[in-house]
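Single-structure report; data block below.
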Amino acid sequence: MRIGFDPFTLDLDTRQLTSEDREIHLSPKAFELLATLVLARPNVMPKATLQELLWPDAYVVEANLSNLVAEIREALGDSARSPRFVRTVHGFGYAFCAPGVMQPITREEARAHVLCWVESEGRRVPLATGEHVIGRDADVEIMLDSSTVSRHHARLVVTAGGVSIEDCGSKNGTFRGGDRVIAPTRLADGDVIRVGSLLISFHSTGDFGTTETHAEQSP
């Protein structure tokens, strides 16, 4: 799903915010907050509701939420005093105040979005063609909040030929099933990946081409 609000495009499938084909970085939590506000537009989202959605199993101070709003405003070039996109309802919450337009995606993009995904701790992350870094750092595509996970722990590489996983020199290792990943390793639907102490399940429709090959882990 892509939603446009001039001059930006928010792609909920690839988790990207772009402007004139230039990607704009947002931390994972800030992206989730922006997506929540855009989908709820023009309704006001209470602060308590947003905190529960973003931090379901933890108590956080209200400043954490306001810091994310500030990050979003900086990324959008928005102003708290004269908002174009994110409006503060003092003492209550926030609302996305710009009109949004649903944008169609091509057939090829639609296929890429549904070919494969990973699931971790109840969260599903679609995998578009390209590289997807797994780690603890805020700038990675698949963020795992655990001290056993390195900042840039591993990466998934999605091509027309399939999906492979590579370890990025992590301290605690990356495993497919019970096998440690020591080289780019092809994934199959249902594979369980262990990253540090956390588990990720990989899923795909199996509808990949066969024009590319990848190095496989030796037995």
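Residues in the sequence shown are numbered consecutively from 44, following the numbering used here.
Virtual Cβ for every residue (Gly too), placed ideally from N, Cα, C.
In or out: residue i buried (at least 16 other Cβ within 10 Å) or exposed?
i: Met44; result: exposed
i: Arg65; result: exposed
i: Thr217; result: buried
i: Gly134; result: exposed
i: Pro262; result: Legend: pLDDT at Pro262 = 39, less than 50; position of this residue unreliable, no value from coordinates given.
i: Gly136; result: buried
i: His196; result: buried
i: His68; result: exposed
i: Ile115; result: buried
i: Gly205; result: buried
i: Leu80; result: buried
i: Leu60; result: buried
i: Arg124; result: exposed
i: Ile225; result: exposed
i: Ser122; result: exposed
i: Val144; result: exposed
i: Arg219; result: buried
i: Thr228; result: buried
i: Val192; result: buried
i: Ser190; result: exposed
i: Val235; result: exposed
i: Ala231; result: exposed
i: Ala181; result: exposed
i: Leu242; result: exposed
What residues are listed by DSSP as bridge partners for residue i?
i: Asp54; result: Arg45 and Gln59
i: Phe139; result: Val129
i: Arg124; result: For Arg124, which the question treats as bridged, DSSP gives no partner whatsoever.
i: Phe245; result: Val161
i: Glu66; result: Thr61
Which of the three DSSP states is assigned to residue i in this structure?
i: Ile115; result: helix
i: Val103; result: coil
i: Pro85; result: coil
i: Ala155; result: Model confidence at Ala155 stands at a pLDDT of 49, short of 50, so the residue's coordinates are unreliable and nothing is read from them.
What is the C-beta distance between residue i and residue j, in whole angstroms, given that I count them as a contact (C-beta under 8 Å)?
i: Leu170; j: Val176; result: The pair is not a contact, with the Cβ atoms about 12 Å apart (cut-off 8 Å).
i: Asn215; j: Gly178; result: Between Gly178 and Asn215 the Cβ distance is about 12 Å, and since that is not below 8 Å, they are no contact.
i: Val132; j: Phe139; result: Not a contact, Cβ separation roughly 12 Å.
Kindly say whether residue i, judged by its beta-carbon, lies nearer than 8 Å to any beta-carbon of chain C.
i: Asn86; result: The chain inventory of the structure shown lacks chain C, comprising one protein chain alone.
- prompt: Which parts of the region 162-242 are runs of the beta strand (DSSP E), unbroken and 3 residues or longer, counting only runs that do not cross its ends?
  reply: 166-169, 173-178, 197-202, 205-210, 217-219 and 235-238
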